[in-house]
Structure formats: C-alpha cells, structure tokens
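For the record, the sequence lines run as chains A and B.
Mapping of the first sequence onto our numbering: position 57 corresponds to residue 57, and the numbering continues sequentially without gaps.
Mapping of the second sequence onto our numbering: position 279 corresponds to residue 1279, and the numbering continues sequentially without gaps.
Each remark here refers to the structure printed beneath this line.
There are 2 protein chains.
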Amino acid sequence: MPRLVMKFGGTSVADLEHIKNAASKVKREVENGFEVIVIVSAMSGKTNELIAWVDETSAMVDAREYDAIVSSGENVTAGLMALSLQEMGVPARSWQGWQVPLKTTSAHGAARIEEIPSENLDAKFRQGMQVAVVAGFQGIGADGRITTLGRGGSDTTAVAFAAAMKAERCDIYTDVDGVYTTDPRIEKNARKLDKISYEEMLELASLGAKVLQTRSVELAMRFKVRLRVLSSFETATDNSGTLVCDEEEIMENNVVSGVTYSRDEAKMTLVSVADRPGIAAAIFMALAEAGVNVDMIVQNISEEGRTDMTFSCPTDHVARAQAAVDTAKSSGDINFHGLIADMDVCKISVVGIGMRSHAGVAAKMFEVLSREGVNIKIITTSEIKVSVLVDRKYMELSVQALHDAFELGKTT
Amino acid sequence: MPRLVMKFGGTSVADLEHIKNAASKVKREVENGFEVIVIVSAMSGKTNELIAWVDETSAMVDAREYDAIVSSGENVTAGLMALSLQEMGVPARSWQGWQVPLKTTSAHGAARIEEIPSENLDAKFRQGMQVAVVAGFQGIGADGRITTLGRGGSDTTAVAFAAAMKAERCDIYTDVDGVYTTDPRIEKNARKLDKISYEEMLELASLGAKVLQTRSVELAMRFKVRLRVLSSFETATDNSGTLVCDEEEIMENNVVSGVTYSRDEAKMTLVSVADRPGIAAAIFMALAEAGVNVDMIVQNISEEGRTDMTFSCPTDHVARAQAAVDTAKSSGDINFHGLIADMDVCKISVVGIGMRSHAGVAAKMFEVLSREGVNIKIITTSEIKVSVLVDRKYMELSVQALHDAFELGKTT
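Quick look at the structure:
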C-alpha cells in the first residue's frame, strides 16, 4: 500500500479542536488508500512552558535532562492525535521517538538522525494499524537517553520518516498555503508556486522565507523525498500548496523563481586597514571565533598600503563583531582607523535554477535597480541566486520592481 | 553504600519552588551517605489536565494511549528534579519507566509491577551518579508500550524500587507528618505513632486513613520494606513521621493502635427475602456483577421461610445496588418485599495487632458505645480489627469515646 507522511506543526495542533481538524485530514488520506505516518509537534505554548521551567530551575542546563523534559510536549500531542483518529474509526497508534526507535547521535539538544529502522512500524501496518502517529523533534541516543533534534526538528523528523518508510510524499501542514514568488505583504502580485526545486527552496529558506527549515530541505534533497508545503486551515486538493521536488520533475523552469529579502542585515566597514598578506584571514578568523555569521564580503582596491574591508552580518551580531575587531586591534593582529556600522540596510535576492543556463540575470537585476535609483552597496552571487545589499528604505520598491521585471506574477 | 528511596507526591512537587525544597531534602540524605532513588509524581494539576484532554478527545478511551499521554506529567517532574539536584552540585539523572526498565503487566491503566532489573541503575551508581530520579506511576509492558499503575501507583513504584534496589528504607513524603491514633480534626488528643506494623497500616489504609495506598503497604509487607511516612513541609529528623515495619521491630505492641471512621457508608436492607438455600449467593452475585463493593453483611434469623438481609456499601454504590437487586427480582432469581437504604450511617473501627493476644477488645468497644448511648447496627471483626456501623450523628462521639477508653492519647 502506498505511504504518505503528514506533518502538523504547532499552530496546526494548537488545541484539541485543531488536533481534531488535523485528524480529519489524516482520515481523508487513509480513505484515499494511504498508510499514513503522522508527525506532530507540541501543542501551542507547551514547549515554551517547559523551557521556561528548565531555565528557572537551572543556570547550567544539562542537555540530557532538557531533552527528557522538553520532549514530553510532543508525546502528549501524539497520544491525543491517536485517540482523535480512533474516535473517527481509524486504527491509529502513537509512537514516541524511542519506541520507533528513531536513532540519533548523542548531541543532546541538537542531535542528528542516524537511522530509522522500519521493522516495528512495518509489522504494525501489517497487523492493521492504518496510521502511526509519531512524536516529532525527538529520538534516542546510543546511551539510551532521549534526544531532541533542535530547531526545525519536527520537519526533519517528517522527511527522515518519508525516506526510511519509502513514502510517496511528505506533506508539511503549516499556517501558510505554500511558497510564493515573494512576500505577498509587499507585492500584491506575488504568486504561489506549484512546484519548486530543492536547490531553489534551500536558497529561499536560508534567505528568510520561513516556510521550511533549511535542514529538512537538505535532507529531502539528499533522499529525493517529494515535499509538499500546504495550509492546515484549508481543504487539501491535488493542487494544494507547493511541491518541493527534484528539478527534473519540473517541466519548464523559470529563469527566476522568486525574490526574497532580509531586513536583519548590517553593513560593517573597517576603514583604512593596514594591508598585508593574510590580513583578510586575520579579520575573519577573529569574527568567526566570536561567533559572528559573516555573509557578504567586499574588499576595496588597496591604495598606499591601506584598504577598506566591508562585510555584512545579522544586526544582532554587530556588538559582537565590534568587540572582536577591537580585541584583534589591541592585540596587534590587525590595524585599522575606524569601524562604521550601517544598520539601515537590507538584502534583496533573486533566486532561480534557470540562471544556470540563462546569462544576464545579474545584469538585468542591476539595471532594474539602477533605473529605480537604488544604489547597490555589496553584491554576492551563487550558481542560482544573486544578492545585493541596499538601503533599507528601498526594500519594498526593490522587491516590487524585480518581481515585476522578471514577470513573476504571471502564470507560466 | 547504603541506599534510600525517597518518594515525593503531588503536593510535595506542586511547583518549581516545592521541587527545589524536595531536592534539598534529597541532598541532605546524600550527605548522610546514601545512594538515593527518588520517585516523583506529576506537578499539581498536571495529571488532571492531561486526563481532561483525553476525556474530551475520546469517548471510548484506548488505555494504551491514555497511558502514553498521562505518564508525561511524571517525566517532566523527574527531569526538573534532576536539574534541581545538579544545580545543588549533586550528580543526578532522571529515569523514565521504560529506561529503568520497570517491567509491568500489559493491563494498561492498572498495570502491576513484574520486575525491576537493577543492573542499569547499579552501573550508573558505580559511575558516580548519586541520585536516580525515577518518574513514578509508570512502567513498560511486554509489548513495548508505556503502562501506568493506576491509583497509588507512585507509592507502589517507590516500595518496589526499595525492594529491588535493597534500600534500607522507603521514605514517603506527603502533606501529613505521619499516621495518627485517630483523626486529629475529631479528637484533639490524637497522637502520632512512631511505629506501626504492616498489618495495622493495611487496616488503617483500607478503612479510610488516606496516608498510604493499600497496595503499596501490601507490597512493603511482602518484601519487608521499611516504609516511613513523613511531611515534606518539615525538616526530617530520625524520629520524623511514622515507620511502617514488621511487628517484630516494634518492641511493645499496643492492644489497640488506632480508631478510624468512614463517612461514606450506606446500610441496605432487603426486607422479607424468601429464604432458600443459595439465596445469599444469588443476592451477592448480582451485586458483585453490578460492581457494588459490599463490605459488611448480616442475615437475620429466618422466620416462616422469610428473612431480612442487611449489607453495607459505599454511598455512591447505592443506586447501582438498587438496580441490581430489582433486576434480580424481576428475573425471578430472588424474591423480597422491599429495599431500605439508610444513608445516615458511618463505620467506626478499632485496629490493633495486640488484639490477637488480648481478648475482650470487642466487648470493651461495645460496652463503651453502649455507655454513650450509641446503637450498633452491624458488626464485623477480623484478627486485628473490630468494625461497627452506627448512626452518623454519633461518629465524632464514638471516635472520641473509643480513643479515650483505649488510652490512645498516652505515650507508651
């Protein structure tokens, strides 16, 4: 019998009424002929309540105990979902991570999945269980202790089950109805994409489209799991949501699939750095050690032995970055005249797998922005995206102009 | 190293502050040189919240899912207690039932403990763990599913661990400071007992002293576990609480140890039953099948082929009892003229292991009640107790008169 993984996040299982609603979606897929594996998150607020108790109890939290405590939220939802399904006449059974068992590394609080043996679930499906409800976000380490998977853990659990149980698809139910060409709050012509490739989704996810965690998309790409993002507040049809899949499954790729933005960027300029071989390494080593996530980097042409070094980082890393370069300066590792932090910037990116075969996307992007009078401060490019840093006041204008210029509002 | 089991019930771990207070008691015992196994209940209100969700979700609750959901309350407390101890510098680790593993029957919701292998905990103690914090009330069945032990499950968990881990003693921390000769709210001279035998405690527990669940006392008696009941709101000393132990450990037994009462009794009389061989069996079989807990039974002398049959049962079983005998009457199994239910009664008992060797306790009891003008409606006796059913209005008077007559207020 074909298998389907369905994952319901926190807002989709916020309370008993929502759990029931989610259960009715599961029932429909069982009636469609699927054996279903449901992955659930904790009910709204429950994980936060548990984390608050942990924080109040202990200053130096032992990650093993953190995991044992925090994982209980998902266990409760799993049991309630199984009961809801049974109440609807669907044979269902809940599974906690250790019961599957979902084997992980022992990196408590941020464990990685190592293996999901399918025997136990297979046996239960053969015995007539139609739905396995699995508590997301958790597993068991080699030491027999409960582990949790960290941020995005439930999405990752869902994709891993889809791979291990050879599911036809992994449906991620969330509070948005799919992936859009850009943020509909900024551009009214933003259009929901029916399909998008893993590579594009990765760029969109890491650039700030908060639909799917990067980690789960990476896993889906590695194991070729067809991933669908759809809304838990609508009745699903075959065309619901956005399918994230292999690019070969997408008949005709757009040159550009989407325009994204990130508000939380800062531009940092080290003014008049004494230039010498290895100076860039010295600067960025110091920043890396301080835990600063450096994104874009530009070095001006060196004049008379001095140069300006510009980079971008998240706004909440600025203080850390300043402290790191000051320390490096006083220890004599680097020499510069001053540091300018510009917080009034943002990053705009265009993403599309078609760029690989179509030259000129970057040129067109610069031309559009130039025509609108938007000055570009830094540029970075990858195989399937072009990003620029611009003044924040031009953010909406830039997104709208690029969305329009690349004709993203039109249905293909 | 000597071992100690410490059990903290719901009110003793009501919130983070209480958990911390309990942890400091555990720390003191570690400093006294014990390896400690702590058994915890769920935080106040948590189990009720979970049960309410279960009830709201499903009409015919699947006991496997009930157990998976409800057991999560104890898991949270266990983790928080371990963190509290670590924060105080005490190496502690939490254990869920399946991790120990605490093996039970598969009677979900009311499982019985079958085995507690000590290897895992022994190994951890050897590696420097000073405290094992175990989630009470739960275990794992042969099918690999979580089970719960039903009413009094956490006390039972504690006693079972004390037996399996060969603990010197099992300390049950609760909201009372011990077992009293009678209810101090009724008799101001009620005195805390320093020691009491298992047998006496069993009679007291099943007669309504709500200190310990019958089941845990039975288990303690079977495995000769020394059980101490004490208050979690006081600082424990060697003489705190009441020690429940083998009678041989009690130097001089009192003839009578305590006077108990139960308010929730009803007296039922089947009037003019057509007497024939097997009639009592027919009546009480019908009541048993209807789930009526019959306690005391009296049959009057038969006259002209008819007799009155009187029994007592909990007040909330009265309606069920009435329905059961009416059904038996209409099906022709029994024949009687009427049923009188008297709800205004109560049961008074005197309990004492010394009765075995001292005749006349029953006679003295009847004499005292008679002197006070209290009419006795039913009498039952066992080896170590005498119980009578009397009008409820005489309850306080009876308890006080008996407590005084048997000199229970005096220290031995």
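Glycine included, C-beta positions come from ideal geometry on N, C-alpha and C.
Bear in mind that the values here come from a model prediction, so they are computed numbers and not experimental data.
May I ask you to report which of helix, strand or coil DSSP gives residue 284(A)?
-> helix
Where the beta strand (DSSP E) containing residue 139(A) begins and where it ends = Residues 138-140.
Quick one: does residue 1084(B) have its CB under 7 Å from some CB of chain A?
-> Residue 1084(B) counts as touching chain A.
In whole angstroms, what is the alpha-carbon distance linking residue 1105(B) and residue 1117(B)?
-> 15 Å
Hey, residue 1389(B) and residue 1303(B) are a contact pair by Cβ (cut 8 Å); roughly how many whole angstroms apart?
-> Not a contact, Cβ separation roughly 23 Å.
How would you list, in chain order, the residues of chain A whose beta-carbon sits under 7 Å from the beta-carbon of residue 1099(B)?
-> 144
Does residue 1139(B) come within less than 7 Å of chain A when only Cβ atoms are used?
-> no
Under 7 Å between C-beta atoms, does residue 53(A) make it to chain B?
-> yes
Any chance you could list the beta strand (DSSP E) runs of at least 3 consecutive residues sitting entirely within the region 1264-1329 of chain B, in chain order?
-> 1297-1299, 1306-1314
Residue-chain proximity (residue 79(A), chain B), Cβ-Cβ < 7 Å = yes
Which first and last residues belong to the alpha helix (DSSP H) in which residue 1017(B) is found?
-> 1016-1031
Going by CA-CA distance only, name the one from 289(A), 257(A), 345(A) that's closest to residue 296(A).
-> 345(A)
Alpha-carbon to alpha-carbon, residue 159(A) and residue 166(A) = 10 Å
When you compare only the Cα positions, how much space is there between residue 1033(B) and residue 173(A)?
-> Distance from the CA of residue 1033(B) to the CA of residue 173(A), rounded to the nearest whole angstrom, comes to 54 Å.
C-beta atoms of residue 1416(B) and residue 68(A) nearer than 7 Å | An answer regarding residue 1416(B) cannot be provided, because it is not within the stretch 1001 to 1412 covered by chain B.
Where residue 149(A) meets chain B, residues with beta-carbon distance less than 8 Å = Per Cβ cutoff of 8 Å: no residues; residue 149(A) is ~17 Å from chain B at best.
Quick one: is residue 368(A) near chain B, going by C-beta distance under 7 Å?
-> no
Whole-angstrom distance between residue 16(A) and residue 410(A), CA atom to CA atom = 40 Å
Hey, how far is the Cα of residue 1347(B) from the Cα of residue 1161(B)?
-> Rounded to the nearest angstrom, the two C-alpha atoms are 35 Å apart.
According to DSSP, is residue 181(A) helix, strand or coil?
-> coil
Let me know the secondary structure DSSP gives residue 1361(B) once reduced to three states.
-> helix
According to DSSP, is residue 1076(B) helix, strand or coil?
-> helix
Taking only runs of the alpha helix (DSSP H) that begin and end inside the region 1069-1122 of chain B, which ones reach a length of at least 4 residues, in chain order?
-> 1072-1087
Close Cβ partners of residue 1356(B) (< 8 Å) along its chain, the five nearest in sequence each way excluded | 1383, 1384
Using alpha carbons as the reference points, say which of 1230(B), 1148(B), 1408(B) lies closest to residue 1259(B).
-> 1408(B)
Name, going along the chain, the residues of the region 1047-1071 of chain B whose beta-carbon falls closer than 9 Å to a beta-carbon of chain A.
-> 1050, 1053, 1054, 1056, 1057, 1058, 1059, 1060, 1061, 1062, 1064, 1065, 1066, 1067, 1068, 1069, 1070, 1071
Does the beta carbon of residue 1076(B) sit closer than 7 Å to a beta carbon anywhere in chain A?
-> yes
Does the beta-carbon distance from residue 1420(B) to residue 1010(B) come in below 7 Å?
-> The structure shown has nothing for residue 1420(B), since chain B only spans 1001 to 1412.
For residue 1018(B), count neighbouring Cβ atoms within 10 angstroms of its own Cβ and tell me buried if that reaches 16, exposed if not.
-> buried
Give a yes or no on whether 7 Å exceeds the smallest Cβ distance from residue 249(A) to chain B.
-> no
Would you kindly check if the distance between the Cβ of residue 270(A) and the Cβ of residue 321(A) is under 7 Å?
-> no
Indicate whether at least one CB of chain B lies closer than 7 Å to the CB of residue 87(A).
-> yes
Is residue 1094(B) close to chain A, meaning its C-beta is less than 7 Å from at least one C-beta of that chain?
-> At least one C-beta of chain A is nearer than 7 Å to the C-beta of residue 1094(B).
Are the region 1130-1148 of chain B and the region 1193-1205 of chain B touching by the rule of at least three beta carbon pairs closer than 8 Å?
-> Touching, no, given that fewer than three Cβ pairs across the two stretches are closer than 8 Å.
Hey, is the region 1365-1373 of chain B in contact with the region 1213-1221 of chain B, meaning 3+ C-beta pairs nearer than 8 Å?
-> no
Residues that residue 1121(B) contacts on chain A, provided the C-beta gap is smaller than 7 Å = The premise fails here: residue 1121(B) is roughly 12 Å from chain A at the closest Cβ pair, so nothing lies under 7 Å.
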